[in-house]
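Trainee: This is the structure I have questions about; it appears just below.
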Ligand code: 9MG
């Protein structure tokens, strides 16, 4: 029997090992790397470094989603991300674009982006259609309320059941609009309208999300929950982030979204070998 796949445009990822998605924020105000890669040449150099370190995908974002961040216009977001997508996709790299705007989805997919990562789970009018028409992979993430207000008293009856039901409903909407099942990934949205207790409960229960059959994306890298557990500032949360990525993969995450690609890939390769899971296959890019 062949392995299940996650299809992202022209890239087919066989789900025989966890995938590592490196984060590239081209924003002046993201919570960890805000401003660091705002300038184009630095951003390109960082992307290439992450590929050298073993990233399978790079997630490029032009609008910060940290609590209280200011929204950006469509043209400002396009100005930040499109030239990078054109250069990197043109060189054959599998790219995700972190956006909520259908016009940005369409333009970046046309420029060769392989995946759309939407913290709003394609809820904007026209977002699902933009992705269905372009054949990209999608990541549907759960968020309670909006970035400006999401951390004001997050509230759930049963966080696992509610987040999972939401993601299943969004996946059904995508399927009904013609997005192929193998193009859909889901993400519980750690830190997006969740307390530390909610995040831990979701992490312990990732198996319930993996049981849907959709690849599960986990994004815990450098987040404030890790600061709350360790007492470390954001700049000192690399070891905690690697531990969180391992914990997520051990519970069924298929893709981890991380800042520290080299350290995460090394840790996952060791885990993969210890578990006897076979060869660590090269990424589609490295196989070219
Ligand atoms: C853009 N972004 C920030 N955090 C994220 C997370 O946890 N998951 C996904 N899919 N995207 C995120």
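Residue numbers (this note's numbering): 1 to 288.
For glycine and all other residues, C-beta sits at the position ideal for the given N, C-alpha and C.
These numbers were taken from a predicted model, which means no experiment stands behind them.
Please confirm whether any heavy atom of the ligand 9MG lies closer than 7 Å to the CB of residue 65.
Mentor: Answer for residue 65: yes, Cβ within range of the ligand 9MG.
Trainee: Between 105, 146, 104 and 215, which lies nearest to residue 120 when the distance is taken from Cα to Cα?
Mentor: That would be 146, whose Cα lies nearest to the Cα of residue 120.
Trainee: Just confirm the distance between the C-beta atoms of residue 191 and residue 225, as a whole number of angstroms; I'd bet it's less than 8 Å.
Mentor: That belief holds up - the Cβ atoms of residue 191 and residue 225 are roughly 6 Å apart, short of 8 Å.
Trainee: Per the DSSP calculation, residue 182 is bridged to which residue(s)?
Mentor: None; residue 182 has no bridge partner.
Trainee: Closer than 8 Å is the cut-off here; do at least three beta carbon pairs connect the region 35-52 with the region 10-17?
Mentor: Segments in contact, no.
Trainee: Look up residue 204 in the DSSP assignment and say whether it is helix, strand or coil.
Mentor: In the structure shown, residue 204 sits in a helix (DSSP, three-state: H, G or I).
Trainee: Using 10 angstroms around the beta-carbon of residue 63, count the other beta-carbons present and answer buried if the total reaches 16, otherwise exposed.
Mentor: Its Cβ being crowded by 16 or more others within 10 Å, residue 63 is buried.
Trainee: With a 10 Å radius around its C-beta and 16 neighbouring C-beta atoms as the bar for buried, classify residue 39 as buried or exposed.
Mentor: Counting Cβ neighbours within 10 Å, residue 39 comes out exposed, since fewer than 16 surround it.
Trainee: Examine the Cβ distances between the region 162-175 and the region 121-141 and report whether three or more of them are shorter than 8 Å.
Mentor: With the cut-off at 8 Å, the region 162-175 and the region 121-141 touch.
Trainee: For the candidate residues 99, 155 and 82, whose alpha-carbon lies nearest to that of residue 71?
Mentor: Residue 99 is the option with its Cα nearest to residue 71.
Trainee: At a cut-off of 7 Å, is residue 293 close to the ligand 9MG when judged by its beta-carbon and the heavy atoms of the ligand?
Mentor: Nothing in the structure corresponds to residue 293, since the chain is present only between 1 and 288.
Trainee: By Cβ distance, which residues of its chain are closer than 6 Å to residue 287, with the 5 residues on each side in sequence left out?
Mentor: In this prediction, residue 287 scores a pLDDT of 45, lower than 50, which makes its location untrustworthy; the coordinate-derived value is nonetheless stated afterwards. Around residue 287: no qualifying Cβ.
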